[in-house]
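Presented below is the structure to which this report refers.
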Amino acid sequence: MLSCRGVGRTYQTDRGPVDAVRRIDLEAPDGRFVAVIGRSGSGKSTLMAMIGGLIRPTIGSILIDGVDIWALDDNAMARFRNRRIGYVFQFASLLPTLRAIDNVALPALLDRRHAAAEAYDRAAQLLADVELGTHLDAYPSEMSAGEQRRAVIARALINDPILLLADEPTSDLDEQTEREIMALFLSVNRERGTTLMLVTHNLALASEAEQVVQIADGAIVP
Ligand SMILES: Nc1ncnc2c1ncn2[C@@H]1O[C@H](COP(=O)(O)OP(=O)(O)O)[C@@H](O)[C@H]1O
Ligand SMILES: [Mg+2]
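Under my numbering, the sequence shown is numbered contiguously, ending at residue 1423.
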């Protein structure tokens, strides 16, 4: 279960405070596909980054799987984020000096719960799952944009997160590639049961979600 309780974020800027997110309440049971829509500047990325443990709310709390994530200390937060949350950013990219398989294995290697060999076995399986089984040794520069994004998704899944966050993950891709990547997100949600929270401008895609959250001026449109 994901639960946002009165979550808000105010940025201090030279022009004064900006209320990017205003006390949002939001609940999503495990396994749900939640689409987040709204105009540019409405607060979507700020909300996602707070749920993803990247931007601290100025007010409210966020519970993921019963854990009040912003009550954790920095180390516990880093561990929780690495183990439980997969995050795919807009323009998400791989480390250019590492092969696809190293990139995907990295979050598991950092976690150190499992032996390196296990991390690599799992990375190879995930790359096969996203149809990159023939690209394990490829460097990012040797892969197409869509292939790179599929590897990013595999990397987000390596520690078997309960929550997969994706913030406009296809905005830089062509339409056909966007369709492929979106199909992959949907299959992750359906087949693994991973909760998926996805920001998109694609209303056809949003209409497939079980829950649509529309944000305007930092608040949910009822
Ligand atoms: N780091 C920041 N500092 C100051 N203002 C910010 C910062 N990040 C975002 N904002 C402002 O917060 C509002 C919401 O931004 P954002 O969450 O990026 O919206 P969206 O993802 O919907 O485009 C905007 O007015 C934006 O200018
Ligand atoms: Mg954004």
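Note that CB positions come from ideal geometry on N, CA and C, so glycine has one too.
Is residue i near ligand 2, going by C-beta to nearest heavy atom under 6 Å?
| i | result |
| --- | --- |
| S1243 | no |
Tell me whether the beta-carbon of residue i lies closer than 7 Å to the beta-carbon of residue j.
| i | j | result |
| --- | --- | --- |
| F1290 | N1390 | no |
| A1346 | L1387 | no |
| I1270 | L1364 | no |
| G1232 | T1396 | yes |
| L1296 | N1304 | yes |
| L1362 | R1285 | It is Pro, not Leu, that sits at residue 1362 in the sequence shown. Yes, these two residues count as a Cβ contact at 7 Å. |
| I1263 | C1205 | yes |
| A1306 | A1339 | no |
| N1360 | P1308 | yes |
| V1422 | Q1412 | no |
| R1224 | P1258 | no |
| V1222 | L1248 | yes |
| G1425 | L1327 | Look at the range of the chain in this structure, 1202 to 1423, and you will see that residue 1425 is not part of it. |
| G1239 | A1407 | no |
| R1356 | I1382 | no |
With a threshold of 6 Å, establish whether the CB of residue i neighbours any heavy atom of ligand 1.
| i | result |
| --- | --- |
| V1219 | yes |
| S1246 | yes |
| T1214 | yes |
Please state the DSSP three-state secondary structure of residue i.
| i | result |
| --- | --- |
| V1305 | helix |
| E1228 | strand |
| I1265 | strand |
| R1300 | coil |
| Q1412 | strand |
| S1388 | helix |
| T1378 | helix |
| R1282 | helix |
| A1420 | strand |
| M1202 | coil |
| D1274 | coil |
| L1406 | helix |
| D1312 | helix |
Quiz prompt | Completely contained alpha helix (DSSP H) runs for the segment 1316-1361, where each covers 4 or more residues | solution = Runs found: 1317-1330, 1346-1358.
Exercise. Ignoring anything shorter than 3 residues or poking outside the segment 1208-1258, list the beta strand (DSSP E) runs there in chain order.
Key: For the segment 1208-1258, whole beta strand (DSSP E) runs of length 3 or above, ordered along the chain, are 1217-1229, 1234-1238.
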